[in-house]
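Position in the sequence shown (first residue = 1) + 176 = the working numbering.
Note that beta-carbon positions come from the ideal geometry of N, C-alpha and C, so glycine has one too.
Notes follow the structure.
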Amino acid sequence: QMHVNSEAAPLLTIDKEFVNLHIDARDEHYKEVASYINNAVKSANLLISQIQMRYETMKKIGLQLLKFQYDFFLKGPRYLKPLTYRTIAEELNLHETTVSRAVQGKYIDTDWGIIPLKELFSSAVQTTVPGGEDMSKRAVMDILKEIIEAHQSVKPLSDQKLADMLAQRGIKIARRTVAKYRQALNIESSYIRS
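Below, the structure written as structure tokens:
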């Protein structure tokens with residue numbers, strides 16, 4: 177089930193008393209006031225329609241994310257698929273920067289915790305598993321964390337050994353990439369962990 181938090185953008189309306197002011201525009205003194213009120217109502221209506229459009233855009237993006245990342249929502253972070261802003265933008269006939277700006281600073285509440293919406297967009301890491309698909313960076317980081325935790329009680333593994341173990345699973349990344357992912361997971365080097 178997916179919904180956009182409408183409480184983040186309260187329902188805006190124009191005060192009817194303001195709109196219904198009867199000002200005699202023929203009176204020279206009130207022409208300026210009538211013009212001001214007319215312009216203010218137009219500006220307010222434009223703002224309200226733009227906020228509604230933003231809400232609808234977020235809803236459309238959310239539905240596309242649900243479609244593309246269905247396995248993630250069902251099974252967890254390891255099942256996050258590579259996904260770009262461009263893919264969603266093309267599906268919705270939007271510009272890529274519109275999608276990027278729309279998700280910036282927004283969060284999603286999942287069974288796996290509250291995460292920034294932009295984390296559902298992840299670059300691809302190529303795999304060599306026969307018939308396998310590319311994996312998302314986050315999925316690789318999840319596997320890396322699992323390997324580190326499984327071997328923590330024994331002798332902590334070096335970044336090169338971790339890279340070798342990932343390669344055995346069909347994930348070929350450099351040692352320095354392993355180090356970068358490990359640091360992103362807030363896990364110290366094997367020297368410090370030992």
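(1) Report the residue from Pro253, Leu320, Val316, Val305 whose alpha carbon sits nearest the alpha carbon of Asp287.
(2) Helix, strand or coil for Gly238? Go by DSSP, reduced to three states.
(3) Do Val305 and Lys313 have their beta-carbon atoms positioned less than 8 Å apart in this structure?
(4) Got a sec, what are the start and stop residues for the beta strand (DSSP E) Ile363 sits in?
(5) If you follow the alpha helix (DSSP H) that Tyr255 is part of, which residue opens it and which one closes it?
(6) Going by DSSP, what residues sit across from Val301 in a beta bridge?
(7) Residues in the same chain with beta-carbon distance under 6 Å from Asp247, minus the five sequence neighbours each way, listed in chain order, please.
(8) Less than 8 Å separating the beta-carbons of Leu338 and Leu361?
(9) Tell me Asp285's beta-bridge partners as DSSP assigns them.
(10) Look at the alpha carbon of Asp318 and the alpha carbon of Leu188, and state the distance between them as a whole number of angstroms.
(11) So Ala278 and Glu272 are in contact, right, with Cβ under 8 Å, and what is the actual spacing, rounded?
(12) Looking only at C-alpha atoms, which of Leu342, Leu242, Ile368 sits nearest to Ile284?
(13) Does the distance from the C-beta atom of Asp335 to that of Arg358 stay below 8 Å?
(14) I'd like the span of the alpha helix (DSSP H) that includes Asp191, first residue to last.
(15) Tell me which same chain residues have a C-beta within less than 6 Å of the C-beta of Leu268, skipping the five on either side of it?
(16) By Cβ distance, which residues of its chain are closer than 6 Å to Val354, with the 5 residues on each side in sequence left out?
(17) If Tyr134 sits next to Val195, beta carbons under 8 Å apart, how far is it from one beta carbon to the other, in whole angstroms?
(18) Secondary structure at Ile347, three-state DSSP: helix, strand or coil?
(19) Relative to the C-alpha of Asp191, which candidate in Asn221, Thr233, Pro258 has its C-alpha closest?
If we stick to the structure as given:
(1) When each option's Cα is compared against that of Asp287, the closest is Pro253.
(2) helix
(3) no
(4) That residue, Ile363, is in no beta strand (DSSP E); it is neither H nor E in DSSP.
(5) It is not in any alpha helix (DSSP H) - Tyr255 carries neither H nor E in the DSSP assignment.
(6) Met311
(7) If the five residues before and after Asp247 are omitted, its C-beta is found closer than 6 Å to the C-beta atoms of Tyr255, all from its own chain and listed in chain order.
(8) no
(9) Ile290
(10) 43 Å
(11) Actually they do not touch by this definition, with Cβ atoms about 11 Å apart.
(12) Leu242
(13) Taking 8 Å as the Cβ cut-off, Asp335 and Arg358 qualify as a contacting pair.
(14) No alpha helix (DSSP H) contains Asp191, which DSSP labels as neither H nor E.
(15) Lys236
(16) Asp335, Leu338, Ala339
(17) Any answer about residue 134 is impossible in this case: the structure gives the chain only from 177 up to 370.
(18) strand
(19) Asn221
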